[in-house]
Structure formats: C-alpha cells, structure tokens
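Each remark here refers to the structure printed beneath this line.
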Amino acid sequence: MKKKLINKKNILLFFFILFLFLLYQNSFSKKNKDIKFVVEHHMTRKLTNLKNKLYTINNFNIVFSDGQTSVVQIKGLSKKAPHSTISYKIFLEKNKNHSWKVKRLYKIE
Numbered sequence: 001m002k003k004k005l006i007n008k009k010n011i012l013l014f015f016f017i018l019f020l021f022l023l024y025q026n027s028f029s030k031k032n033k034d035i036k037f038v039v040e041h042h043m044t045r046k047l048t049n050l051k052n053k054l055y056t057i058n059n060f061n062i063v064f065s066d067g068q069t070s071v072v073q074i075k076g077l078s079k080k081a082p083h084s085t086i087s088y089k090i091f092l093e094k095n096k097n098h099s100w101k102v103k104r105l106y107k108i109e
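Residues 1 to 109, numbered by full-length UniProt numbering, are exactly what the sequence shown covers, in order.
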C-alpha cells in the first residue's frame, strides 16, 4: 500500500516538474522573438559565452535587417576587470520558429 502511494507521489511530482519546464520553455521561446532580448541574453547571461561576456550593454544598433538575418553592433563594458569598453558585431538568423539565434560574433577593434 505504501509503495503505491510513493509511486503516485513520484508520478505527480514528475508531471508537475515537466509542466513547469514546458511553461518555462514556452515563455523563453516567446522572448527569443525579440532581437534585443536575444543579444542581451547571449552577451550578458549565457553560460556558454564566457570568452566574450559583457557586464552591461551601453549601445545597441541594428546595422542591417531583412527579416531573416540581422547584423547588430553593440558596445558595452567587459565582464573582466578593469571593465574596458568593447564593441562587437553580431550576426543573427531567424529559425523556423521565428526565434532569433546568434550565428557569429566578431570583436571590433
């Protein structure tokens, strides 16, 4: 009897966690349709972008956009001390879900 109760609790917990995960993914995919959010997230918060991470973005300019590809130029403070000002040119593409994805990143010197 106790084993069935534990199994039911585990199943309910699993579905609750799955529901929260899907809810998070849905809200995050909606945010990825905003090009400014994608660039800011990639440059300041993304864990895989340790080499080019910025502390903050001060200037954001869309240089080119045709609806499917975009080129964005940003300027901001580097994450590493002494927090010098760095500029980057970022190439983004829209995927089939109409979400923006960073394809290439170049440091402008």
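Ideal Cβ placement from N, Cα and C applies to all residues, glycine included. These numbers were taken from a predicted model, which means no experiment stands behind them.
Backbone secondary structure at residue i - three-state DSSP
i	result
LEU47	coil
GLN73	strand
GLU93	strand
LYS36	helix
ASN52	coil
SER27	helix
Cβ-based neighbour list, residue i, same chain, cut-off 6 Å, excluding 5 preceding and 5 following
i	result
ASN58	LYS75 and GLY76
ASN95	LYS101
Rounded straight-line distance, which links the Cα of residue j to that of residue i
i	j	result
LYS46	ASN61	20 Å
LEU18	ASN52	33 Å
LEU50	LYS89	17 Å
ASP34	GLU40	10 Å
THR85	LYS79	10 Å
GLN73	HIS98	21 Å
ILE6	LEU22	24 Å
Bridge-paired residues (DSSP) for residue i
i	result
PHE64	VAL71
ASN10	None, per the DSSP bridge assignment.
Own chain partners of residue i with C-beta closer than 7 Å, once the 5 adjacent residues on each side are dropped
i	result
HIS42	ASN49 and VAL102
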